[in-house]
Every structure is written in structure tokens, then in C-alpha cells.
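Take a look at the structure set out below.
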Amino acid sequence: MKIKKLCLTLIASSFFSIPMAYGMEDDTQRQVVQVKPKIEGRLEELKIKLPTPAKTATSFVPFKIIDNMVYISGQLPVCDGTLLYKGKLGREFKIHEGQKAAKLCTYNILAYLKEACDGDLDRVQECVRLGVWVNSTDDFEDQPKVANAATDLINAIFGENGLHVRAAVGSNSLPFRAAVEIDAIFVLKKMSKL
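The opening position of the sequence shown corresponds to residue 694 in this note's numbering, with each subsequent residue numbered one higher.
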């Protein structure tokens, strides 16, 4: 059998549809294959549903793209517009609660990253850096354990491309008394010119 033509069409949606038309002598055979984006599939496996990014009405932007770098502003543990973790680690919160706050910050980072990628997280080449600030008492020394929740989540989603440098810093206060704030830097794959 000879293949006369091969037609690939990418349609952006929650899944990529790749219809492949294989022509035989009479051009009648067709096959359609659904290919799920890799990172979206990984989020599903981990049972993660990213929030809708909040629209900011401030004097700064939630992310900025320079060349193929995405810089994401500090994110708080906010869900549906509500700050869920207010207070200090070592006083109001234990380590496992700080880790939940760090995960929530990371979900918000990923939501803005997805927006920066026009909805396609497969455009992410790698995570470069996470900056984790932990609102903590003077004697609290486990900021790295809190930050590990964000690091582990990024690594679980992006695999080897999630490996990054990191700062885990104790702070005597954060905006709105948030328990954790995290910012991030990612590299996007360079888009090929058609």
C-alpha cells in the first residue's frame, strides 16, 4: 500500500486533536487520534485542577515574559478569592499546614504560568527558581520543610524539567498576614517560526 498524503492538523482545546488522513488509491481511509498534552495529563494523574487566575487591579502584573523567560509575581495561599492561611508558622500553624499553604501558592503560580503559555503548559521547558517566604516566629527553623511542598509539586508535574534552584526564607510578616508567599521563574520552549 502506498500512502498518498499525510495531513496533520493541531486544534487547540483541552486536548489536541490530530486527525490523520491516510489516502489509499481511493483516498477513503481516515483515522483520528486524540493526543492529550503531557503536562495536562500529569495534572489529571495527580488529581490537580488549577484555579482560574484572578484578575489583578494593582500597580503590578501577575507575570511578565521577557524573551522566553516567565517571571511570576509572589502568590499567596488564596482559593476563590479568599486567603486561607493567615498567621505564622510556629504559632498558628504547624509544618504540615504550612506545606498545604505552599501547595496552594504553587497552584496559583501554575495557573498564571498556564495563562502565560496561552493555555499550553507543554510550552514550559523548565522551572528555574522558586522563592519561598514563610511567615514564621523567630524560633521557627523549618522553612525548607514548608518550601519542599512547592518543590515536590513542581518536580512531580514537570519531572526532570521541574528541578530548580530555591530560596526558603523566614519572614516576620507577609502581605495580609499570609503564612506563605512564593514567586517563580520558568523558561519557555522557543517557538519555531513557520
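All C-beta atoms in this analysis are idealised placements derived from N, C-alpha and C, irrespective of residue type, glycine included.
Taking the Cβ atom as the reference point for each residue, do residue i and residue j lie within a distance shorter than 8 angstroms?
| i | j | result |
| --- | --- | --- |
| Ile732 | Asp811 | no |
| Phe851 | Val825 | no |
| Ala872 | Tyr778 | yes |
| Arg822 | Ala747 | no |
| Ser829 | Lys781 | yes |
| Thr749 | Ala804 | no |
From residue i to residue j, what distance separates their C-alpha atoms?
| i | j | result |
| --- | --- | --- |
| Cys772 | Arg870 | 15 angstroms |
| Tyr820 | Asp831 | What sits at residue 820 in the sequence shown is Cys, not Tyr. Answer to the nearest angstrom: the Cα atoms are 30 angstroms apart. |
| Val880 | Glu874 | 21 angstroms |
| Thr775 | Leu769 | 10 angstroms |
| Gly716 | Pro730 | Unreliable placement is indicated for Gly716, whose pLDDT of 40 sits below 50; the coordinate value is still reported in the next sentence. Taking the straight line from one Cα to the other gives about 27 angstroms. |
| Leu736 | Ile788 | 25 angstroms |
| Val754 | Ser766 | 7 angstroms |
| Phe786 | Met884 | 44 angstroms |
| Gly855 | Ala849 | 8 angstroms |
| Ile704 | Lys742 | Reliability of the predicted coordinates at Ile704 is poor, the pLDDT of 23 falling under 50, and the value obtained from them is presented with this limitation in mind. Roughly 22 angstroms between the two C-alpha positions. |
| Gln836 | Ser866 | 14 angstroms |
| Glu834 | Val827 | 10 angstroms |
| Phe756 | Pro868 | 18 angstroms |
Go ahead and label residue i buried or exposed: buried means 16 or more other beta carbons lie within 10 angstroms of its beta carbon, across all protein chains shown.
| i | result |
| --- | --- |
| Ser752 | exposed |
| Ile802 | buried |
| Leu797 | buried |
| Ile847 | buried |
| Gly734 | exposed |
Inspect the CB distances between the segment 780-795 and the segment 825-845 and report whether three or more fall short of 8 angstroms. Cβ pair count under 8 angstroms is three or more, so yes.
Considering only residues of the segment 758-797, which uninterrupted beta strand (DSSP E) runs meet the minimum length of 3 residues and lie entirely inside it, listed in chain order? 762-768
At a cut of 8 angstroms, does the segment 801-808 reach the segment 856-869 through at least three beta carbon pairs? In this structure the segment 801-808 does not touch the segment 856-869; the number of beta carbon pairs closer than 8 angstroms is below three.
Residue ranges of each alpha helix (DSSP H) run of no fewer than 4 residues wholly in the segment 793-876, ordered along the chain? With a minimum length of 4 residues, the continuous alpha helix (DSSP H) runs that stay inside the segment 793-876 are 836-851.
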